[in-house]
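Everything below concerns the one structure shown next.
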Amino acid sequence: MKSSVPSLLIVSLVMSLNSYTQQVLYCPPDSAPENITEFVCNSPSLHEFPTGFPVRAKIISVEFTQVSSLGVEALQGLPNLQELHLSNNRLKTLLSGLFRNLPELHTLDLSTNLLEDLPPEIFTSATNLTLLSISENRLAELRQSWFETLKELRILSLDNNQLKEVPISCFDKLEKLTFLDLSSNRLHRLSPDMFSGLDNLERLSLENNPIRCIAPRSFHWRPKLSILSLKNCSLTDIIIGVFQPLDHLVLLDLSDNELTMLDPPVAIPSANLSLDLTGNPWACDCRMDKLLTWVKEHKIHLYSKQEIVCAFPKSFKGEVATSLHRSQICPWSCGNGSNLRPRMKPSAPPLLIACLVMSLNSYTQQVPHCQLLFGSKNSTGFNCNDSSLREFPTGFPTETTTISVQSTQISSLGAEALKGLPELQSLYLSNNQLKTLPDGLFRNLPHLHSLDLSGNLLEDLVPELFKNVGSLAYLALSRNQLAELRPSWFETLEDLKKLHLDHNRLKEIPTSCFRKLTLLLSLDLSSNLLRCLSPEMFRGLTFLTVLNLNNNPIRSIAPNTFRGTPTLWILSLSNTGLTHVPAGLFQSLKQLGRLDLSANEITSLDSPLVNVTFALTLDLSGNPWACDCRLQALLNWVQKDGVDLFPNENVVCAFPKSLKGQVVTPLNGSQLCAC
């Protein structure tokens, strides 16, 4: 989905950063000209908060330092201070009264520190604040008293903390708030009074919370909400009408949840509503038909339609929901005898229906060995999965959109095999006997988005095989005999979202092989012969979410290997023979939600292993752990940051002998670290 950050804000940030490179940065005790009112003290070696800021100071930035505390007088004598930036330090506590006598202060950034709590009246005197960020700290609770006097606040960022609930009426006094970010916390439930008082709220981000329930009337305050993100919230069901008051919505993000069905969110949506439903296990039945009909009638914009796929029933699993015809999703229902009736009246005259039936029957005669999957005026699909088939079928009609020729004896395809199929969208050629594919096979297929070549005997592919299928979103080359990858295969696949290369014979990944796959979300390289991982392997994969490297004989991982994949959510390195994990290897993966290091030869790990920003599941089972002080430090980090060690009963000691076979988690500090 496109970034929700306004372009004007991005431009402003760029201008601000550019200005830093064009001006001299002053920090006390350095003297500054009288016209300088901005002071920047961003030094990694700084341990004490600077003193001596002049009374004229309007902007102070003390960021990316080792400063862990501020004296209560640190900001006194600065009546003109407007912006205070204290992010990316080591602050653990703040003293009550720290922000007193700062009547002009409107921007306060405390993000990315180690704050676990704040004094009840910490912001009492900061009545003119319009922007407050406490993101990326360790707050477990919110205090209503923090916000009692902040009646001018417009922007509040509380994301990436450890909040489990929002107290009733906590934000009651924030009448002017327009933006609230609560993403990446541990909220389990939304309740009616959680957001009361926020009548002017326009943007609300709740993504990456384990929200199981949205109570009725949670949004009854009828705000001006235009953007609501509930992405990746573990939602399985949404109560009818819960979004009904939100008649100003322009974006509703429900992606990456566990939704199987959804009633139309709003009866009468705003004129330009966009909806993200990707990444859910949809049941493609009559309920889905109701939703899609509403989408069509109100001209709702759906993000990434190709990723709204069916999980049920089995016959539609993996199919794009929006490409299915209504008669497929919601077929006629049958009773007994005279009770046989259609669910809805046919919109076509009986004569036309008869003609269509005759036409569909002719298709089965036109394409021998194939069964009609579905058929309509503009869309036709064929299933040719015949184990006795030795030649690729011919005679597909030009409107064919889906062809499945799987589990056959076919060993080759002619260069013209797919000629005359301009509407083809999905081609499934798995589990055949294909050894080679001719150059130009996929030319003139402008709409092809899914191609499955897995389970064949392919040892190599011609360099420009995929040159003309730039619309591909899904490509599977699993379970073949590929020993090398050619960068030219991927040069034009800029829309590719999922790439499966598992179960081949790959020993290395050429430098920048995937650099053009800037939209790739999922990459499977498991069960190959990869021995070394380096940063060059994954260059360009800035949106990669899932990376599977299981079952490779990996002996070496370069320290910065994953620096170019900041959005990685699931990383699997199970059964790779790893004996050592470089310190800081996973530190750049701030969105990591699952890390699998099971079934390796690891005896110890540095901690913290990951900068935990929200729920992390960690699999360390099946390794020969040395149960000593290093492991104690790792377990302390696991407990402190709420990491889910799963399955913990299989994390056992290999040494010392006295603890061999013991489950690690019940052991106490004196057993692990006697010194």
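First residue of the sequence shown: 1270, per my numbering; consecutive thereafter. Backbone N, C-alpha and C define an ideal beta-carbon position, used for all residues, glycine too.
Item, Value
"Contact belief for LEU1810 with LYS1776 at Cβ below 8 angstroms, rounded distance in angstroms", "Not a contact, Cβ separation roughly 20 angstroms."
"Identified DSSP bridge partners for LYS1767", "TYR1743 and SER1791"
"Among SER1414, LEU1398, GLN1931 and ASN1382, the one whose alpha carbon lies nearest that of PRO1388", "SER1414"
"Continuous alpha helix (DSSP H) stretch holding ALA1902: start and end", "1898-1909"
"Top-ranked residue by Cα proximity to ARG1412, from GLU1385, LEU1561 and ARG1423", "GLU1385"
"Presumed contact (8 angstroms Cβ cut-off) between VAL1933 and CYS1896, rounded CB distance", "6 angstroms"
"Completely contained beta strand (DSSP E) runs for the region 1353-1401, where each covers 3 or more residues", "1376-1378"
"Boundaries of the alpha helix (DSSP H) in which THR1562 is found, first to last residue", "1555-1566"
"Neighbourhood of ASN1478 by C-beta distance below 6 angstroms, restricted to the same chain and skipping five residues each side", "ASN1454, LEU1456 and CYS1502"
"CB of THR1830 within 8 angstroms of CB of LEU1874, strictly", "no"
"Proximal residues to LYS1586 (C-beta, below 7 angstroms), its chain only, five neighbours per side dropped", "CYS1579 and ALA1580"
"6 angstroms CB neighbourhood of ASN1700 in its chain, flanking five on each side removed", "GLN1675, SER1676 and GLY1724"
"Residue range of the beta strand (DSSP E) that includes LEU1449", "1448-1450"
"Which of helix, strand or coil DSSP assigns to LEU1520", "strand"
"GLU1566 classed as buried or exposed, judged by whether at least 16 other C-beta atoms fall within 10 angstroms", "exposed"
"Cβ shell of LEU1504 (< 8 angstroms), same chain only, five flanking positions each side left out", "ILE1480, ARG1481, ILE1483, LEU1523, ASN1526, GLU1527 and LEU1528"
"Alpha helix (DSSP H) segment containing GLY1650, residue limits", "Per DSSP, GLY1650 belongs to no alpha helix (DSSP H); it is in the beta strand (DSSP E), 1649-1652."
"Span separating the alpha-carbon of LEU1928 from that of ASN1429", "37 angstroms"
"For GLU1307, three-class secondary structure by DSSP", "strand"
"Of the residues VAL1341, GLY1340 and THR1306, the one placed nearest SER1330, counting alpha carbons only", "THR1306"
"Option nearest GLY1664 by Cα separation, candidates LYS1688, SER1656, VAL1564 and LEU1792", "LYS1688"
"GLY1340, buried or exposed, once every other Cβ within 10 Å from all chains shown has been counted against 16", "exposed"
"Distance between PHE1915 and LEU1887 (C-alpha atoms, nearest Å)", "6 angstroms"
"Beta strand (DSSP E) segment containing SER1460, residue limits", "SER1460 -> no beta strand (DSSP E), and no H or E assigned at all."
"Reference LEU1854, options ASP1441, GLY1833 and ASN1382, closest by Cα", "GLY1833"
"For ASN1608, three-class secondary structure by DSSP", "Here ASN1608 scores only 37 on pLDDT, less than 50, and its place in the model should not be relied on; the value that follows carries that caveat. In this structure, ASN1608 counts as helix in the three-state DSSP scheme."
"Bounding residues of the alpha helix (DSSP H) (the contiguous stretch that carries SER1596)", "1595-1598"
"Alpha carbon of ASN1713 to alpha carbon of LEU1762, nearest angstrom", "15 angstroms"
"Assigned secondary structure, THR1591 (DSSP; H/G/I helix, E/B strand, else coil)", "helix"
"Nearest-angstrom Cα separation, counted from LEU1473 out to ASP1721", "39 angstroms"
"Nearest candidate by alpha-carbon position, reference TYR1572, set LEU1546, THR1591, ASP1558 and ARG1556", "LEU1546"
"Candidates LYS1568, GLN1702, VAL1519 and SER1843, of which the one nearest SER1498 by Cα", "VAL1519"
"Under 8 angstroms between C-beta atoms of ILE1403 and LEU1432", "no"
"Cα-Cα separation between PRO1298 and PHE1488, rounded to whole angstroms", "51 angstroms"
"8 angstroms contact criterion, which THR1376 and THR1399 should meet: CB distance rounded", "7 angstroms"
"Alpha carbon of LEU1786 to alpha carbon of PRO1779, nearest angstrom", "14 angstroms"
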